[in-house]
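Data block below; observations after.
2 protein chains.
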Amino acid sequence: MALLLRELGERGLLRELESRGLAGPIGDDVAVLGDGLVVTADALAEDVHFRRGWTGWRDLGYKAAAVNLSDLAAAGAEPTALFVVLSAPADLELAAVLEVYSGLNEPGVPVRGGDTVAAESVSVAVTAVGNSERVPGRGGALPGDVLVVTGPLGAAAAGLWVLERGLTGFEELVAAHRRPPLRLAEGKRLAAVAHAMVDLSDGLVIDAGHIADQSSCAVEIDVELVPKHPRITELTDESLWTRGEDYELLAALTAAAADAMDLPVIGRCLPGSGARLLLGGEPYEARGFEHFSGCGS
Amino acid sequence: MALLLRELGERGLLRELESRGLAGPIGDDVAVLGDGLVVTADALAEDVHFRRGWTGWRDLGYKAAAVNLSDLAAAGAEPTALFVVLSAPADLELAAVLEVYSGLNEPGVPVRGGDTVAAESVSVAVTAVGNSERVPGRGGALPGDVLVVTGPLGAAAAGLWVLERGLTGFEELVAAHRRPPLRLAEGKRLAAVAHAMVDLSDGLVIDAGHIADQSSCAVEIDVELVPKHPRITELTDESLWTRGEDYELLAALTAAAADAMDLPVIGRCLPGSGARLLLGGEPYEARGFEHFSGCGS
C-alpha cells in the first residue's frame, strides 16, 4: 500500500529525502554555501502554523521573518535579505497583504524578492540569506560541554494554549506566540565560542536531540535549571516549556566560555547518545511538534 | 470598499508592495546581493501553474527548478543551490513527493535546504542562489540595440492549449509545457555583452516591456522575425508564441555583438517607450498572463 505523508510525518519525510540524496538538511538547519554565505528557508501555513483569528496579518509577517532569522542567529549570521513567496486566496484584501509585508520588514532585514501565487489558504514561505564568520553547526559538542539558553522558555506555547482555550488576561503569553524573539546579537556572540548551537523551535528535547545526534554525544537537561516564563505556572499544563516555538538559542560550549556569557546553564554533554530531561536525577517525559500528523492540518 | 487581490492582479500587487518599499523587485527579476551573489524565488502552485492530470510529479519538480534557473540564466549566473518549500496535503503519497524532488534535482543544482508544510493543495516554492560575473539587468538597453532570442517560441503555450482541449499527437508541444529549456550557458555568454536581458516567462510583449520600461526606450519586435515552433502552425490559435512560458532569453545588445552570437534578431530598441509587436509595420495585438485574475485560480 502506498505510504502517505500523514503516516510518515514531517521528519520521516525529511529523512527519506536526505537518505536518497534528494535534499540537503531541510528544516531548521542552515546551508553554508561557502565564503560565509548562509541560507535557510522556513514557511508558515494557515491552520498548520497559524490561524487567522489568533494571529494578525502583521504578526504573521513578523513571525515568518523571525523564525527564519532565528535559524540565521543559530548560525551566528548577520542577515542580509529575505525572499518571500506569499500564497493567498484571490479574495484576500490588499490591506491584509500589505500588513503581512509590513511585518516581514519589521525586523529590519529587507525583502529583496520573491513571488506571489493564488492558493486556497495563506502561507508565507521565506528564504533568509546572511553572512557568518563562524557557523557552529550542530555536530561539534563535546562531552564535558555545558548547555546554555538565551532566555526563558514556555511563553509561546503557553500563548497558543491560552488561545486554544479562549482564556483572557494572558496578553504577554499570546504576544510571545505571535512574535518570537530575535536573538541575532546573542547568536553572533555565542557563535564565536560555541561547539554547537540550535534554535529552539520544535521543542527542547527534539532540538537538543539534534545536537546529541550530530555530535555523537548524550545531552542531559536539568528541568530545575531551565528558565521558564513566570506566568506559565498559572496554567495547568506543566510541560508547556518543552513544547518549542520559543526561538531562543541553545548552545553547547565549555564551562569557562559559558561563565563569560552570563547565560543560564541548563545541562551538559556527556558520552553516550540521545537527549533527555532529568528531574531530581530521574527521567522526565515531554513532547515536541510534528507536521502532517496532527495539529490542525 | 476593500480592494481584493483578484481586482488588483499579481502585477498590481507587486506595484503596491514596491511603491511602499515593502519589497524589492518581486517576480522574475533576480536580486543582486553583492560579490556577484544573485538570488531569485518563484513558486508553482496547483491549479494556477499546473494541474495534476497534465503534469507528472517529476515534471513538476523539474519545472519548479527550471523556471528559477531561467531567472539565474537571465542574470548570466552559475547556479549553486536551490531551497525548496513544498506544500502538500497530508494524504499525498511519499512516492509523489520523491518524484517531485527527483525532478528538482534533475538539472544538477543541489537542493540544499527548505521546508515542508501541510496544505490543501500542492505548491513548490523555490529560491535559487547563484553567482554572476556580470548581471545585465533590464535597464541598460540603448536606442540602436537589437534584440535576440535564444530559441523558438510558442511550444509551451501550445502544449497547454493542447492539454486544455484533450488533443493527442502533440507530445513534443506538451513536453515543452512540462519541461522548460535550461539556457544557463547561453545566459552566461550573452551576459558578457548584453545591455539588458530577461527570460520569456509572462509573454513576449510583457517581458520585452520590462526592458523598455526600465531602459526608458521603446522596443519593437517584428512578428515575421520571431522564431516560432514549427508545430504551432498546425493549431488554430495564432498568438500562442506570444503567450509566455517559453523560458528562452531575450537580450538587447549591439548589432555587432548580436552577429557574433549567432542568434536570431527579432527586433530593436529605439527612442520612445513601451514594447510592441509589428506585422508588416502595423501594430499586432497579443496578450500575456496574469495571476489572481483568471487561469484556474
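Protein sequences, first through last, are from chains H and A. Under my numbering, the first sequence has 135 at position 135, and the numbering climbs by one with no breaks. Under my numbering, the second sequence has 441 at position 144, and the numbering climbs by one with no breaks. For every residue, glycine included, the Cβ atom is placed at its ideal position computed from N, Cα and C.
Here Y581/A is bridged, per DSSP, to L574/A.
Taking a C-beta cut-off of 8 Å against chain H, the contacting residues of the stretch 408-437 of chain A are V408, R409, G410, G411, D412, T413, V414, A415, A416, E417, S418, S420, A422, T424, V426, listed in chain order.
DSSP lists V32/H, G130/H as the bridge partner or partners of V38/H.
Distances from the CA of A31/H to each of F380/A, I503/A, A552/A were compared; the closest alpha carbon is that of F380/A.
Contacts with chain H at 9 Å (Cβ-Cβ) do not include R349/A. A128/H sits close to A41/H, with the two beta carbons spaced by under 9 Å. Contact annotation, A119/H with S418/A: C-beta distance approximately 7 Å; criterion of less than 8 Å satisfied. With respect to A572/A, A505/A sits close: the two C-beta atoms are nearer than 9 Å.
Taken atom to atom, the span from the alpha-carbon of V443/A to that of E93/H is near 42 Å. With respect to V495/A, L546/A sits close: the two C-beta atoms are nearer than 9 Å. Just so you know, the alpha carbons of D115/H and L330/A end up roughly 18 Å apart.
The Cβ neighbour count for S384/A, taken over all protein chains shown within 10 Å, is at least 16; the residue is labelled buried.
The beta carbon of L60/H sits closer than 7 Å to the beta carbons of L44, F50, V100, G103, V124 from its chain, once the five residues preceding and following it are set aside; these are given in chain order. At a cut-off of 9 Å between beta-carbon atoms, T40/H makes contact with chain A.
By the CB criterion at 9 Å, A362/A and P404/A fall inside the cutoff. Annotation: Cβ neighbours of A45/H in chain A (cutoff 9 Å, chain order): S384, V414, A415, A416. G9/H carries a helical assignment under DSSP once its states are collapsed to helix, strand and coil. With its beta carbon less than 9 Å from one in chain H, D388/A belongs to the interface. The stretch 131-148 of chain H and the stretch 444-457 of chain A do not touch, with fewer than three beta-carbon pairs separated by less than 8 Å. Taken in chain order, the members of the stretch 311-322 of chain A whose beta-carbon sits within less than 9 Å of a beta-carbon on chain H are L311, E313, L314, R317, G318, L319, A320, G321, P322.
Residues of chain H whose Cβ lies closer than 9 Å to the Cβ of A378/A are, in chain order, G24, A31, L33, V39. Under the 10 Å beta carbon count, D237/H is surrounded by fewer than 16 other beta carbons and is classified as exposed. Between L311/A and A299/A, the CB-CB gap reaches or exceeds 9 Å. Using beta-carbon distances, A554/A does not count as an interface residue toward chain H, since no partner is under 9 Å. For the alpha helix (DSSP H) assignment, the uninterrupted runs of no fewer than 4 residues enclosed by the stretch 185-233 of chain H are, from N- to C-terminal side, 204-215.
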